[in-house]
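The structure appears right after this line, and notes come after that.
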Amino acid sequence: MARFTPGARVRARAADPDGHTRLPRYARGHVGEVVEVLATWSLPDATVRGVTQPEPVYTVRFSAAELWGSGSHAVLLDMWESYLEEV
Amino acid sequence: MGGQTGFGPVMTDDDDDDGQFFHADWEARVYALVRVLQRHKVINQQFDELRDAIERIPPAEYLAMSYYERWLRAAEMLLAEKGLLPDG
Amino acid sequence: MSGGHAEVPVAARVRQLEERLISAGLITDAELDEILTQVYDSASPVNGARMVVRAWTDPAYHDRLLADANAAAAELGFGPGTRGYLLKAVENTPGVHNVIVCTLCSCYPTSLLGPSPSWYKSFAYRSRVVREPREVLAEFGLELPEDTEIRVWDANSETRYLVLPQRPPGTDDKDEEALVSLVTRNGLIGTATC
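Protein chains in written order, with this note's numbering: chain A, 6 to 92; chain B, 509 to 596; chain C, 332 to 525.
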């Protein structure tokens with residue numbers, strides 16, 4: 006059951022995870038908007054340790070202003086649910 | 509990598525436009541070697557294990573290595589860690 | 332002598348590793364050759380271009396491409412090369428320009444675009460295009476109007492993106508083959524208009 010729906014505002018977790026992750030540093034701690042619920046896949050941080058942990062993956066849109074403080078573009082990232090928290 | 513500053517212009521002509529994937533034969537063979545190991549599930553097929561190993565290459569070495577050198581180093585690391593190759 | 336990596340030419344290192352893996356029974360030379368043949372024969376930007384042109388000329392295919400790009404690729408015979416990931420097509424419009432990157436590594440839909448160019452894999456591209464896409468695109472000779480919204484798609488291990496460029500004006504009389512020749516690899520990545 007996906008926790009977030011399109012249009013939801015979410016924050017990428019700020020913590021710097023140990024080990025392999027697919028949460029890019031530039032997104033951490035920033036607020037974006039869910040654009041789409043993409044699929045259910047195993048979290049890479051777990052898979053690389055030999056553990057299968059399926060969870061929803063979302064396309065999340067971040068504004069340049071939010072990420073960099075300037076710019077008019079948007080950056081869209083696919084993020085596992087574990088990477089996100091509610092705002 | 510995203511957003512890091514200090515990297516100069518994008519070498520837009522850096523294009524391998526002669527249609528070659530690889531600058532040298534050994535690069536193609538590294539690519540093929542990894543893909544075969546993945547097919548046999550010795551290395552994870554989604555590339556997470558390989559990427560994780562690449563990320564564990566010490567930064568000074570990582571920056572000095574070319575793209576497929578990193579693949580090679582990562583494959584060597586994973587095979588050693590999995591104890592799959594006899595010493596020597 | 333420590334026998335560290337820098338002292339052995341890399342090509343020799345690769346062959347040594349192959350031989351050890353073959354002796355250990357983990358791979359065979361035939362398997363290596365099979366991969367190399369596949370890779371050289373089947374991966375080309377003409378594949379992506381065919382999908383784009385079909386979308387331009389067939390509105391129903393256009394909708395299918397946007398809804399399920401993996402299925403749309405398979406319709407044109409590109410299923411095997413796109414099986415391992417979720418393919419998404421992102422459409423350029425007069426107000427929106429899309430560009431693709433993989434900041435964490437350099438994921439790329441090779442079977443549809445051919446070999447990824449060195450610049451795509453470079454630190455410069457991966458670090459800068461998410462931050463200053465307009466400046467990066469200008470370095471490719473692509474100047475976009477100020478009011479064009481730029482969307483930068485950062486692919487991860489499970490997804491790959493393909494840009495669906497706008498059909499160039501004045502091409503109504505061209506047949507499919509002529510249209511395919513208009514679509515470039517850079518257009519499919521988003522560093523060119525087409």
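Note that beta-carbon positions come from the ideal geometry of N, C-alpha and C, so glycine has one too.
Task: Buried or exposed (CB count within 10 angstroms, at least 16 for buried), B:Leu541 - done: It is buried - the Cβ of B:Leu541 has at least 16 other Cβ atoms within 10 Å.
- [ ] Count the other CB atoms, across all protein chains shown, that sit within 10 Å of the CB of A:Met6; report buried if there are 16 or more and exposed otherwise.
- [x] Looking at its Cβ environment, which holds fewer than 16 other Cβ atoms inside 10 Å, A:Met6 is exposed.
Task: Neighbourhood of C:Glu474 by C-beta, 8 Å cutoff - its chain only, sequence neighbours within 5 removed - done: Leu468, listed in sequence order.
TODO: May I ask you to report which of helix, strand or coil DSSP gives C:Ile431?
DONE: In this structure, C:Ile431 counts as strand in the three-state DSSP scheme.
TODO: Output the residue ranges of the alpha helix (DSSP H) runs that lie fully inside the region 552-592 of chain B and measure 4 residues or longer, sorted by chain position.
DONE: Correct list: 556-563, 567-572 and 575-589.
TODO: Could you have a look at C:Pro376 and say whether DSSP puts it in helix, strand or coil?
DONE: C:Pro376: helix per DSSP, three-state reduction.
Task: Delimiting residues of the alpha helix (DSSP H) encompassing C:Pro452 - done: The amino acid at residue 452 of chain C is misidentified as Pro; the sequence shows Lys. That run of the alpha helix (DSSP H) goes Ser449 to Lys452.
Task: Under 9 Å by beta carbon: chain A residues contacting B:Arg547 - done: Result: empty, since nearest Cβ-Cβ is about 18 Å, beyond 9 Å.
TODO: Please name the residue in C:Ala361, C:Asp503, C:Phe454 and C:Lys419 whose C-alpha comes closest to that of C:Leu519.
DONE: Checking every option, the nearest Cα to that of C:Leu519 belongs to C:Lys419.
TODO: Would you tell me roughly how many angstroms separate the C-alpha atoms of C:His336 and B:Val538, rounded to the nearest one?
DONE: Any reading at C:His336 is ruled out, since the residue's pLDDT is 48, under 50, leaving its predicted position unreliable.
- [ ] Ignore the nearest five residues each way along the sequence and tell me which others in B:Ile562's own chain have a CB closer than 6 Å to its CB.
- [x] Hits under 6 Å: Arg578 and Ala582.
Task: Contact list for C:Lys419 against chain B, beta-carbon separation under 7 Å - done: Neighbours of C:Lys419 on chain B: none; closest Cβ ~17 Å, over 7 Å.
Open item on the list: Are the CB atoms of C:Thr434 and A:Pro29 within a distance shorter than 8 Å?
Closed with: Cβ atoms of A:Pro29 and C:Thr434: closer than 8 Å.
TODO: Can you tell me the Cβ-Cβ gap for A:Val61 and A:Thr26, rounded? I've got them flagged as a contact below 8 Å.
DONE: Sequence check: residue 61 of chain A is Pro here, not Val. About 17 Å separates the two Cβ atoms, so there is no contact after all.
TODO: Identify the contact partners of A:Leu89 in chain C, using a Cβ-Cβ distance below 9 Å as the criterion.
DONE: Residues of chain C with a Cβ closer than 9 Å to the Cβ of A:Leu89 do not exist; the shortest Cβ-Cβ separation is about 14 Å.
Open item on the list: Buried or exposed for C:Ala398, going by 16 or more other Cβ atoms inside 10 Å?
Closed with: Counting Cβ neighbours within 10 Å, C:Ala398 comes out exposed, since fewer than 16 surround it.
Open item on the list: C:Glu489 and C:Leu443 - do their beta-carbons sit closer together than 8 Å?
Closed with: In this structure, C:Glu489 does not lie closer than 8 Å to C:Leu443 by Cβ.
TODO: Examine chain B for any beta-carbon lying closer than 8 Å to the beta-carbon of C:Val494, and answer yes or no.
DONE: No - not a single Cβ of chain B is within 8 Å of the one on C:Val494.
Task: Nearest candidate by alpha-carbon position, reference C:Thr515, set C:Trp387, C:Pro496 and C:Asp506 - done: Minimum Cα distance to C:Thr515 is reached at C:Pro496.
- [ ] State the DSSP-derived secondary structure class of B:Val518, mapped to helix, strand or coil.
- [x] Assignment of B:Val518 by DSSP, reduced to helix, strand and coil, places it in the coil class.
Open item on the list: Which residue wins for smallest C-alpha separation from A:Val80, given the options C:Arg462, C:Lys452, C:Gly356 and C:Gly501?
Closed with: If we check each option's Cα against that of A:Val80, C:Arg462 comes out closest.
Task: Interface flag, C:Leu435 vs chain A, CB-CB below 8 Å - done: It does; some Cβ of chain A falls within 8 Å.
Open item on the list: I need the straight-line Cα distance from B:Glu569 to C:Ser458, nearest angstrom please.
Closed with: Those two C-alpha atoms are separated by around 19 Å.
- [ ] For B:Trp534, return the contacting residues in chain F, with the cut-off set at a CB-CB distance below 7 Å.
- [x] The question asks about chain F, but that chain is absent: this structure's protein chains are A, B and C.
Open item on the list: Just to confirm before moving on: does the CB-CB distance between B:Val544 and C:Glu362 stay below 8 Å?
Closed with: For B:Val544 and C:Glu362, yes; Cβs fall inside 8 Å.
Task: Distance, C:Asn487 Cα to A:Asp83 Cα - done: One C-alpha to the other measures close to 7 Å.
Open item on the list: To the nearest angstrom, how far is the alpha carbon of B:Pro567 from that of C:Glu470?
Closed with: One C-alpha to the other measures close to 28 Å.
Open item on the list: Only counting the same chain, and skipping five residues up and downstream in sequence, which positions put a Cβ closer than 8 Å to that of A:Val53?
Closed with: Answer for A:Val53: Gly24 and His25, listed in chain order.
Open item on the list: Against chain B, does C:Ile431 count as a neighbour if the rule is that its beta carbon must be under 8 Å from one of theirs?
Closed with: Any Cβ of chain B closer than 8 Å to the Cβ of C:Ile431 would place that residue at the interface, and such an atom is absent.
Task: Cβ of B:Tyr570 within 8 Å of any chain C Cβ - done: No, B:Tyr570 lies away from the interface with chain C (no Cβ there is under 8 Å from its Cβ).
TODO: State buried or exposed for B:Asp560, treating a residue as buried only when at least 16 other CB atoms are found within 10 Å of its CB.
DONE: B:Asp560 should be labelled buried.
Task: Classification of C:Ala380 by the beta-carbon crowding that lies within 10 angstroms, buried from 16 upward - done: Under this definition C:Ala380 is a buried residue.
Open item on the list: With the cut-off set at 8 Å, would you say C:Ser373 and C:Gly412 are in Cβ contact?
Closed with: If you check the CB distance, C:Ser373 and C:Gly412 come in under 8 Å.
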